[in-house]
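Novice: Handing you this structure, nothing more for now.
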Amino acid sequence: MLLTLSMIVCMTAASVAEIPLHKWIDMAVGVDSVAFENVAGDDAGDATFARRIYLDLTGAIPSAEQARQFGTDRSSAKRARLIDDLLTSPQYSRRMQYAFDTMLMERRPGKHIKSDEWRNYLRKSFAQNKPWDQLVTEILTADGADEKTRPAARFLLDREMKTDAMTRDLGRIFLGRDLQCAQCHDHPNIEDYLQRHYHGLSAFLNRSYLFTDPKSKQASIGEKAEGAVKFTSVFTSESDETAPRLLDLPPIEDPPAAEEPYTVKPDKKARSVPVYSRRLQLAVAMTDPANVAFRRNIANRLWALMMGRGIVEPMDMWHADNPPSHPALLDLLADALADHNYDMRYLLREMALTKTYQRSSQYKNDVDNPADDRCTVALLKPLSPEQLAWSMMQATSLTEATLEDLKAKHLKADAENAAKQVEDPLWQEEALHNALKSHVDTFAGLFGVVGIQTSRFDASANQALFLRNGTAVQSWVAAGSGRLTSRLAALKPLQLVDELYFSIFSRPPTTEENQFVTLFLEQHQDDRDAALGQLVWAALSSAEFRFNH
Amino acid sequence: MRRNQGCNPLEHEMARRQFLTGTMAGAAGMGILGTHAQADQLKRQEKRILQVFLQGGVSQLESWDPKPGTVHGGPFQAIPTSVPGIHISELLPNIAQRMHMLSIVRSINIKINDHEQGRQFMEKGRRVGDFPYVGAVASKYLAAPNSDLPGYIHVSSRGISDVAGGAAFLGAKHGQLKLEGVKPPGNLAAPEGLDAVADAGRDQLRLQFNQRFSQRRSKALTEAYDASYDQAARLMNRKAMFEGKASQQDLERYGAHDFGRYCLLARSLLENGAACVKVTHHGYDSHAENFNFHLEQLGEFDKPFCMLLDDLETRGLLESTLVVIYSEFGRTPKVNVRYGRDHWGTAWSVALGGCGIQPGAVIGSTNDKGTEVADREVDAGHLFHTYLQAVGLDSTAEHDLQGRSIPIGDPAAEPIRELLA
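Protein sequence lines correspond, in order, to chains A and B. Okay, so the first sequence: first residue is 7 according to the numbering used here, each after it adds one. Okay, so the second sequence: first residue is 256 according to the numbering used here, each after it adds one.
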């Protein structure tokens, strides 16, 4: 590790430019050093890699067809090509929509902004690969009054413009710091979290308020031209006052008061708009290059999305006593992202290209179970509720069968234009999403956590009861036209096992597995359909399916 | 790491055992032997909590803190109880005979008059923030690792939704299993056409798939996933219990109405290892006709609750079961123009007893008119600490969650020590 780092330091500027980021990442992790490779897992292999990258970038396992195709592709560049293909697919935007909606709104129900409008806004932002700083600027500056930018206002509006809720979540989600305990006093246990950090952040927003239009009842953000933030420690009774400021950056003083401080004066009937808005300063300060926490936070979160664990973990507890597992790596990622204009697709691509990402989740025979934060093996990532729902529907062929139905219906309804449309990947994705959304919502309700998100895995009896006995999964597992179980029933034993494994596990079966499944089916010849249903259910309910491994 | 100094990590069985301070002393000191062998065994091993939530806000003046003959006292009398000197409302005649099994805190001021905020504070012991409910904490630290039942079960006829089942960062496993009355939880029956043999067969297959996958991989996650299926299976085996088939004799004692049946179900759940059972009795939000409402509601509550209390005692479970009767707040002393009383978090009462609680005590008092706390003011933060200390948990320790340690009870509050046995 030390050796690698000093190597990085010694590199000349010219050679630095030639080395792509993914190589730097591997070096910062320790890849290729003998000591590291001795304890690190092997390459994941094509099949596992394909399943992993499909899940991470499109939110569902590949179809049996896609998995097979990738396996037979002989090109040496096929992994890189797959990454690029997936990053530009409509499914990528949907996957990022889910991931960022969960990150930003933490599964709270829609209040003032319809969840669907907000989600659509996120999806479209990812479809056009909107830079993170721009996305955040839009989210923090939208006031909800302009229809065009209204969905972006959900982050603030659906926190009811409550200063404490907004302040805490700004700190947690955009800066990686949960400053809640520093609201009433400097944090008792965390030296780095000071009361002035909390109140400096809240000073950007304490003049803003939730305005409800008396006629339309529509909520938007109003702002006063005055209001200071004073705070007193409940421990020491020391008081202080602060202008808006981000962590330890200099405070942003208000300009001298204008003679008329309002563009729109405060009134019961109108949303007040000050000439000088503290709230609009927030996005500027947040995305300012001087605010290192901003880029480190998003780099850490994108890393966790791909690798299953933040370099700082928990992701919102960054402080001296909970340092990054790989500080140089985190700075490398953060700076590269900022240098590339906050291009998240770029960073995800580079991470996907690393040996670190493409490693097996199995540790070597003679090695003890390694620590989670060393990157020596890939971590098991529990499928998100959305990944689980889409993957189960993919595995049981519900996705495919539904798409065929949708195409046929559309062709029937609009023969003239449909022929071209139904082959458009975006049309397909949106049509499928609309058709199967209710299932995804069911999974999100049962497997999702409302409130602070953690990367911890959690499984309840309620969830298992749903998987065991719930009508949705049962109907997917049952035989039916176009369903996996029926498709399997038509196949000869060897093909059958192959199809089962490719459909559900995205890989071919081993010899042992072939024998075990064949034996099971021989023992249940009297009711083969039922036996196949049981097999499909058991495979879907297995740990191998439940995790991105 | 500095922030972990002086607090025990609470994960895993070892820590759980350390955490149960006084468990052995409690078992050794048992005097009365229960009639049920199973219950007796439970009593040795575990402590648990029964919460009876009088939803809407029961009036302290019509229950635990009557002020007959005063300006706000209302029409009902106070009656003497089995504890000399303690009087409670005549609307609770059965409880009055059992006052020696319970205690009253008459000096609660939560400074909240909002249903949701009051309820959250009473459950979490904190005014704001995503903290776990008492029941979820009980599930985490009191539930036996291989219990058939989820740790935290809530029996209620109506849906007040609790975000994440009140588990917050403790995770779904400790969130409440909500039962809509005596109806089994959803998805408890095996799918139609799948008999027990086939169901067991497919589960066996699942384990075979898992066996291969778990080789040379970290076990923590896969085992947690496996455990959820085991728990589901155990719940399925207990289907009959949730259906709440009650004997004629029990129904005669408890009453055949909903709340009577809920109390009977609570008895089975507690006997079968649930760490916290919450039973909600709805309908105390008496903004109008407060007195008629309380006459009716408490009339329904008093008897079945006492039957449950008696059964817990005769089965030897009461000394290991903390019993709490609470609301989100009390009701205004001032009677409004509709003969109602309104929301009132300023000076009201809860009753509690059983495990770890000194019986027959009254903590604190309100002034003559009941308009203010006169003595020993406490809030939900104090109660939260008290509940946990009563069942042997150190409420001043911290939850240890992967690098984040969070005080279990609000560090700004303390248990009501004089109430603890």
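Even glycine gets a Cβ: it sits at the ideal position worked out from N, Cα and C. What you are looking at is a predicted structure, and each value in this text was computed from that prediction instead of being measured.
1. 8 Å is my cut-off, CB to CB: does Thr10(A) come that close to chain B?
2. Along the segment 442-464 of chain A, what residues have a CB closer than 8 Å to any CB found in chain C?
3. Any beta carbon of chain B sitting closer than 8 Å to that of Trp543(A)?
4. Sorted by chain position, which residues of the same chain lie with C-beta nearer than 6 Å to Asp665(B)'s C-beta, five sequence neighbours on each side aside?
5. With His370(B) as the anchor, note down where its alpha helix (DSSP H) starts and where it stops.
6. Can you list, in chain order, the residues of its chain whose CB lies under 7 Å from that of Gln201(A), leaving out five sequence neighbours each side?
7. Can you pull the chain A neighbours of Ser469(B), defined as C-beta to C-beta under 8 Å?
8. Quick one: Cα of Glu627(B) to Cα of Arg301(A), how far?
9. Would you identify the three-state DSSP class for Glu356(A), choosing helix, strand or coil?
10. Given this structure, state the Cα-to-Cα distance separating Leu181(A) from Pro376(A), to the nearest angstrom.
11. Where does Pro662(B) fall in DSSP's three states?
12. Between Phe217(A) and Asp175(A), what straight-line distance do the alpha-carbon atoms span, to the nearest angstrom?
13. What beta strand (DSSP E) runs, 3 residues minimum, are completely inside the segment 225-276 of chain A?
14. Figure out for me which residue from Arg183(A), Lys230(A), Ser214(A), Val270(A) has the closest Cα to the Cα of Asp254(A).
15. Do we get a CB-CB distance below 8 Å when we pair Asp385(B) with the residues of chain A?
16. State the CB to CB distance for the pair Thr336(B) and Met354(B), rounded to an integer number of angstroms; the pair is presumed to be in contact (CB under 8 Å).
17. To test your reading of the DSSP string, which unbroken alpha helix (DSSP H) runs of 4 or more residues are found completely within the segment 329-390 of chain A?
18. What are the boundary residues of the alpha helix (DSSP H) that Pro431(A) is part of?
19. Would the segment 250-268 of chain A and the segment 276-291 of chain A be scored as touching if the rule is three or more Cβ pairs under 8 Å?
20. At the level of alpha carbons, what is the spacing between Gln470(B) and Gln368(A)?
21. Mind listing, in chain order, the continuous alpha helix (DSSP H) runs of no fewer than 4 residues lying wholly within the segment 496-553 of chain B?
22. For Asp219(A), does the count of other Cβ atoms within 10 angstroms reach 16, so buried, or fall short, so exposed?
23. So is Pro329(A) buried or exposed if we call it buried at 16+ other beta carbons inside 10 Å?
24. Using DSSP with H/G/I as helix, E/B as strand and the rest coil, what is Glu669(B)?
25. Quick one: does Leu412(A) have its CB under 8 Å from some CB of chain B?
26. Restricting to Cα atoms, I'd like to know which of Arg631(B), Ser620(B), Ala616(B), Ala652(B) is closest to Ser358(B).
27. Could you check which residue in His332(A), Pro26(A), His530(A), Ala384(A) has the C-alpha nearest to that of Gly51(A)?
28. For Ala391(B) versus Ala422(B), is the C-beta distance shorter than 8 Å?
29. For a quick check, are the C-beta atoms of Leu519(B) and Gly499(B) less than 8 Å apart?
30. State the Cα-Cα distance for the pair Ile67(A) and Ile89(A), rounded to the nearest angstrom.
31. When the cut-off is 8 Å and only beta carbons count, does Pro320(A) lie next to chain B?
32. Whose C-beta lies closer than 8 Å to the C-beta of His511(A) among residues of the same chain, with five residues either side of it excluded?
33. List the DSSP bridge partners of Thr218(A).
34. Taking a Cβ distance cut-off of 8 Å, strictly less, list which residues of the segment 386-407 of chain A are near chain B, in chain order.
35. Got a sec: is the Cβ-Cβ distance from Ser483(B) to anything in chain A below 8 Å?
36. Considering only DSSP beta bridges, list what His342(B) is partnered with.
Specialist: The short version:
1. Looking up residue 10(A) in the first sequence gives position 4. Since pLDDT at Thr10(A) reaches only 49, below the 50 mark, its modelled position is unreliable, and no value is offered.
2. Although the question refers to chain C, the structure presented lacks it and instead comprises the protein chains A and B.
3. Position 537 of the first sequence, counting from 1, holds the residue named residue 543(A). Yes, Trp543(A) lies at the interface with chain B (some Cβ there is under 8 Å from its Cβ).
4. What you label residue 665(B) is simply residue 410 of the second sequence in a count that begins at 1. Contacts found: Gly380, Arg381, Gly636.
5. As a working mapping, residue 370(B) is identified with position 115 in the second sequence. Run containing His370(B): 370-379, per the alpha helix (DSSP H) assignment.
6. Residue mapping note: residue 201(A) aligns to position 195 of the first sequence, counting from 1. Taken in chain order, the residues that qualify are Ala188, His191, Asp192, Phe237, Ser239.
7. Taking the first residue of the second sequence as 1, we reach residue 469(B) at position 214. Chain A residues near Ser469(B): Ala549.
8. In the second sequence, the residue the question calls residue 627(B) occupies position 372. In the first sequence, the residue the question calls residue 301(A) occupies position 295. In a straight line, the C-alpha of Glu627(B) is about 53 Å away from that of Arg301(A).
9. Taking the first sequence and counting its residues from 1, the one referred to as residue 356(A) is at position 350. Glu356(A) falls in the helix class under three-state DSSP.
10. Sequence index remark: in the first sequence, residue 181(A) carries index 175 (1-based). Sequence index remark: in the first sequence, residue 376(A) carries index 370 (1-based). Cα to Cα, the separation comes out at about 29 Å.
11. On the second sequence, position 407 is the one that residue 662(B) refers to. Residue state, collapsed to three classes: strand.
12. Locating residue 217(A) in the first sequence gives position 211, counting from the first residue. Locating residue 175(A) in the first sequence gives position 169, counting from the first residue. About 21 Å.
13. 225-229, 235-238, 245-248, 268-270
14. Indexing the first sequence from 1 puts residue 254(A) at position 248. Asp254(A) has its Cα closest to that of Arg183(A), out of Arg183(A), Lys230(A), Ser214(A), Val270(A).
15. Counting from one through the second sequence, the residue named residue 385(B) turns up at place 130. Yes, its Cβ sits closer than 8 Å to a Cβ of chain A.
16. Residue numbering aside, residue 336(B) sits at position 81 when the second sequence is read from its first letter. Residue numbering aside, residue 354(B) sits at position 99 when the second sequence is read from its first letter. Confirmed, about 3 Å.
17. 333-345, 350-359
18. The residue given as residue 431(A) occupies position 425 in the first sequence. Run containing Pro431(A): 431-453, per the alpha helix (DSSP H) assignment.
19. yes
20. If you number the second sequence from 1, residue 470(B) lands on position 215. If you number the first sequence from 1, residue 368(A) lands on position 362. In a straight line, the C-alpha of Gln470(B) is about 8 Å away from that of Gln368(A).
21. 503-509, 513-526
22. Start at 1 with the first residue of the first sequence, and residue 219(A) comes out as number 213. With fewer than 16 Cβ atoms within 10 Å of its Cβ, Asp219(A) is classed as exposed.
23. Locating residue 329(A) in the first sequence gives position 323, counting from the first residue. It counts as exposed.
24. Locating residue 669(B) in the second sequence gives position 414, where the first residue counts as 1. Three-state result, Glu669(B): coil.
25. Against the first sequence, residue 412(A) aligns to sequence position 406. It does not: the Cβ of Leu412(A) has no partner Cβ on chain B nearer than 8 Å.
26. For the purposes of this step, residue 358(B) is identified with residue 103 of the second sequence, where counting begins at 1. Among Arg631(B), Ser620(B), Ala616(B), Ala652(B), the Cα nearest to that of Ser358(B) is on Ala616(B).
27. Counted from its first residue, the first sequence places residue 51(A) at position 45. Among His332(A), Pro26(A), His530(A), Ala384(A), the Cα nearest to that of Gly51(A) belongs to Ala384(A).
28. As a first step, residue 391(B) must be located in the second sequence, where it is residue number 136. As a first step, residue 422(B) must be located in the second sequence, where it is residue number 167. Against a cut-off of 8 Å, the Cβ pair of Ala422(B) and Ala391(B) comes out as a contact.
29. Here residue 519(B) refers to the residue found at position 264 when the second sequence is read from its first residue. Here residue 499(B) refers to the residue found at position 244 when the second sequence is read from its first residue. Yes, they are a contact pair.
30. Taking the first sequence and counting its residues from 1, the one referred to as residue 67(A) is at position 61. Taking the first sequence and counting its residues from 1, the one referred to as residue 89(A) is at position 83. So the two alpha carbons sit approximately 14 Å from each other.
31. Stepping through the first sequence from its first residue, residue 320(A) is reached at position 314. With 8 Å as the cut-off, Pro320(A) counts as an interface residue toward chain B.
32. Reading the first sequence from its first residue, position 505 is the one you call residue 511(A). Note that residue 511(A) is Phe in the sequence shown here, rather than His. Correct list, in chain order: Arg57, Ala545, Glu550, Phe551.
33. Indexing the first sequence from 1 puts residue 218(A) at position 212. DSSP output for Thr218(A) lists Ala225(A) as bridge partner(s).
34. Leu386, Pro388
35. Along the second sequence, one-based indexing puts residue 483(B) at 228. It does; some Cβ of chain A falls within 8 Å.
36. As a position in the second sequence, residue 342(B) is number 87, starting the count at 1. DSSP output for His342(B) lists Pro335(B) as bridge partner(s).
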